[in-house]
Amino acid sequence: MIGQKKKRRVQLIVVGMVLLAAASALIGFGFRQGIQFFRSPSEVVESPPGPDELFRIGGLVEVGSLIEGSGETITFIVTDNAKTVPVSYTGILPDLFDEGQGVIALGHLREGTFYATEILAKHDESYMPKEVIDSLKEQGLYEAPDS
Amino acid sequence: MSLWEFANPVKFIRLSGRLLPWVSGLTVICLAVGLIWGLFFTPEEARQGHIAKIIYIHVPLAMMAINAWGMMFVTSLIWLIRRHHVSVLAAKAAAPIGATFTLLAIITGAIWGAPTWGTPWVWDPRLTSFAVLLVFYFGYMALWAAIEDPDKAADLTSVLAMVGTVFAFLSRYAVNFWNQGLHQGASLSLDKEENVADVFYIPLLLSIAGFVLLFLALVLLRTQTEVRARRLRALMLREGANA
Amino acid sequence: MTRAVLMRELRLALRSGGGAGLGLVFFLIVILLIPFGVGPDETLLALIAPGTLWIAALLACLLSLDRIFQADYEDGTLDILTLSPMPLEGLVAIKGLAHWLTTGLPLVIAAPVLGLTLSLPAPAYGWLIASLLVGTPALSFLGTIGAALTVGVRRGGLLLSLLVLPLYIPTLIFGASVVTSAAEGQSVTTAFQLLGGITLFTLALAPFTAAATLRMQMR
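Protein chains in written order, with numbering that gives the first Met the number 0: chain A, 0 to 146; chain B, 0 to 242; chain C, 0 to 218.
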């Protein structure tokens, strides 16, 4: 009887191993296909989502495109250096939001313009003293870290 | 002499008693120098201004919040394999510290995020993972509190630490699938190019060392308490049996 | 032997008033409450329907978890079963299966009907059934770990929820993602693969973990 119990446990372990192998294959395969969370302007231009679909667009704020309209409404152009999408937004902007910087906006695409309900500024992982950057800029040596 | 000698409760109490004043002293020195230097004597960060100085608290806290769980995983595993009481009591002692560090990392992050990102909280993978980690800490502590027999509680919480580690990892990657988020990559890493300028780097390293030592000192102190409480319990049980 | 234990589990679950049916009724009530909370707007309901259905299913699964080992542990049946030729891991697997058959499966069948009331978009129904069918076994089997951990704790239901709910996060993320993607007409393959992977992983490891835990409980 003990022998039988042992045999059954071994059978269960074998089944467990097979399941585990299948699980690793599925998970490995799934993660390799990659996942994306926000869409780039190129993707939005190539296959525009419907007017009811809420999605995120991510890219850089094109230099010289930021226009502060009446009240708190602003417009700017988000670019991935290939395609561009105009964005309109009403509300308070985060500190890091600026031309040439990374941005993620949540909203709807309607008639070619992205109407954002939320703007988030993306910060990169570099920390530099202000004076260093100022002096680098004076010498014309400064390169923006995420350009 | 093997390392396992220190798993002996008597030897542990003696050694940790001798270590604790030194560790505490070093903690105070590192934290004082690192934080005062970092907060008052570093230049303004280029784009974020003075709010960026919160990294001297936030980054070490966040690192130790994860490392504390890692330590609990290792010490719980040692309990399951070799059944050293000091080991599992160290895991029990580390849990509330880890939970506190996690909570403080979230709060300091929110203080930094509110002006810089424009929001104190986003459902970003890193932020969400910390919330999940906090829940795992709470579950671990609740299980310890719920079971009366100390050895059984040690067994069961160790199983939970194992299962929790696996699912904390799984959740970390699953959350990436669900939302890619705002949080910047790690500013410090061993193999990649340095992202933090030298003026910020040295005080940051000092305050990280300070928080590591702080964690060590707190764990030593709390483990001592747990070992003594366990001995007290054993003595009282013996008294009760005699009476 | 396997069959006999499974039939015993099913009979106990169905006859001990409010075991299996209760989860289903709970599922129904939660879905009924959602429109009261967020309003009867159909576009909004359609938007949140996938996640709502998954969360409600997950909570309904949670309800009957504490029954998996509790009664058998208290009246000594578990000790007798460990002496039988069936390994404890096998017993855990059967109890997990019985829990799924009496709790998870009814939810899979009820979900599309409740999806209708939340105006779930038409392309999502097939994937709603498929994702619940693949995902709910993981909920039952993860539940066996939580149930084994809390079996000796008096009134351990709340503790059980606290321990098990965080383990449900990956399943919830991938399960809800399958239905959301299907509703938006996007590809569901990646999420579905990952959901299946998590379930297989759980089916493989949960019986061993829960059995090891039960042995600690009976030591």
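Note that the Cβ used here is the ideal one computed from N, Cα and C, for glycine as well. No experiment lies behind these values; they were computed from the predicted model shown.
(message) Based on DSSP bridge pairs, tell me the residues matched to Glu117 (chain A).
(response) A:Leu105
(message) Please classify Arg125 (chain B) as buried or exposed, where buried requires at least 16 other C-beta atoms within 10 Å of its C-beta.
(response) buried
(request) Would you verify that the beta carbon of Ala20 (chain A) is, or is not, closer than 7 Å to some beta carbon of chain B? (result) no
(request) For Leu79 (chain B), collect the residues of the same chain with a Cβ closer than 7 Å to its Cβ; drop the 5 residues on either side in sequence, then sort them by chain order. (result) Ser157
(message) Taking the alpha helix (DSSP H) that Gly16 (chain B) belongs to, which residues open and close that run?
(response) 8 to 39
(message) Quick check on Pro39 (chain C): does DSSP put it in helix, strand or coil?
(response) coil
(request) May I ask which residues mark the beginning and end of the beta strand (DSSP E) holding Phe210 (chain B)? (result) Note, Phe210 (chain B): premise wrong, no beta strand (DSSP E); alpha helix (DSSP H) at 197 to 241.
(message) On the DSSP bridge list, what partners appear for Arg55 (chain A)?
(response) A:Leu105
(request) Could you list which residues in chain B have their beta carbon closer than 8 Å to that of Ser176 (chain C), in chain order? (result) Phe176, Trp177
(message) Give me the residue from B:Leu18, B:Ala31, B:Asn66 with the minimum Cα distance to Thr164 (chain B).
(response) B:Asn66
(message) Using 8 Å as the cut-off, can you tell me whether the stretch 88 to 96 of chain C makes contact with the stretch 209 to 216 of chain C, which would need three or more C-beta pairs spanning the two stretches below that distance?
(response) yes
(request) Kindly say whether Ala228 (chain B), judged by its beta-carbon, lies nearer than 7 Å to any beta-carbon of chain C. (result) no
(message) Would Trp120 (chain B) and Ala104 (chain B) qualify as a contact pair, given that the criterion is a beta-carbon distance under 7 Å?
(response) no
(request) Take Phe214 (chain B) as the anchor and find which of B:Gly97, B:Ala144, B:Pro202 has the nearest alpha-carbon. (result) B:Gly97
(request) Let me know if Ala123 (chain C) comes out buried or exposed under the rule of 16 or more other beta-carbons within 10 Å of its beta-carbon. (result) buried
(message) Using a Cβ-Cβ cutoff of 7 Å, what residues of the stretch 147 to 162 of chain B are near chain C? List them in chain order.
(response) Lys151, Asp154, Leu155, Val158, Leu159, Val162
(message) Would Leu217 (chain B) and Val22 (chain B) qualify as a contact pair, given that the criterion is a beta-carbon distance under 7 Å?
(response) no
(message) Mapping the DSSP letters down to three states, classify Phe75 (chain A) as helix, strand or coil.
(response) strand
(message) Tell me which residues of the stretch 67 to 94 of chain B have at least one Cβ-Cβ distance to chain C shorter than 8 Å, keeping chain order.
(response) none
(request) Label Asp190 (chain B) either buried or exposed according to how many other C-beta atoms from any shown protein chain fall within 10 Å of its C-beta, with 16 as the threshold for buried. (result) Low confidence applies here, because Asp190 (chain B) scores a pLDDT of 44, under 50, leaving its location unreliable and the question unanswered by this model.
(request) Find out if the Cβ-Cβ distance for the pair Leu117 (chain C), Ala59 (chain C) is shorter than 7 Å. (result) no
(message) Among the candidates C:Met215, C:Leu100, C:Ala175, whose CA atom is the shortest distance from the CA of Ile146 (chain B)?
(response) C:Met215
(request) Have a look at Ser23 (chain A) and Ile207 (chain B) and give me their C-alpha separation to the nearest angstrom. (result) 36 Å
(message) Going by DSSP in three states, Thr83 (chain A) sits in which element: helix, strand or coil?
(response) strand
(message) Assuming the contact rule is C-beta atoms closer than 8 Å, Leu158 (chain C) and Leu57 (chain C) should be a hit. Round their C-beta distance to whole Å, please.
(response) Rounded, the Cβ-Cβ distance is 17 Å, inconsistent with contact.
(message) Quick check: the Cα distance between Val13 (chain A) and Asn80 (chain A), rounded to an integer number of angstroms?
(response) 53 Å
(request) Confirm, please, whether the CB-CB distance from Thr115 (chain B) to Ala64 (chain B) is below 7 Å. (result) no
(request) Mind listing the chain A neighbours of Val121 (chain B)? Cutoff is C-beta to C-beta under 8 Å, in chain order. (result) Leu119
(request) Identify each residue in the stretch 117 to 135 of chain C for which the Cβ-Cβ distance to at least one residue of chain A is less than 7 Å, and report them in chain order. (result) none
(request) Find the residues of chain C that neighbour Leu11 (chain A), judging by a C-beta separation of less than 9 Å, and give them in chain order. (result) Pro86, Glu88, Gly89, Ala92, Pro206, Phe207
(message) Just to confirm the assignment, what range does the alpha helix (DSSP H) spanning Val44 (chain A) have?
(response) 40 to 45
(request) Whole angstroms is fine: what's the gap from Gly48 (chain B)'s alpha carbon to Gly106 (chain A)'s? (result) 29 Å
(request) Leaving out five residues on either side along the sequence, give the residues of the same chain with a beta carbon under 6 Å from the beta carbon of Ser188 (chain B). (result) For Ser188 (chain B), the predicted structure reports a pLDDT of 47, less than 50, and the residue's modelled location is therefore unreliable. A value from the coordinates is still provided. None.
(request) Report, in whole angstroms, the separation of the C-beta atoms of Gln100 (chain A) and Leu65 (chain A), which I expect to be a contact under 8 Å. (result) 10 Å between Cβ atoms; not a contact.
(message) The alpha helix (DSSP H) that contains Gly112 (chain B), what's its start and end?
(response) 84 to 115
(request) Show which residues of chain B have a CB atom less than 7 Å away from the CB atom of Pro93 (chain A). (result) Thr115, Trp116, Gly117
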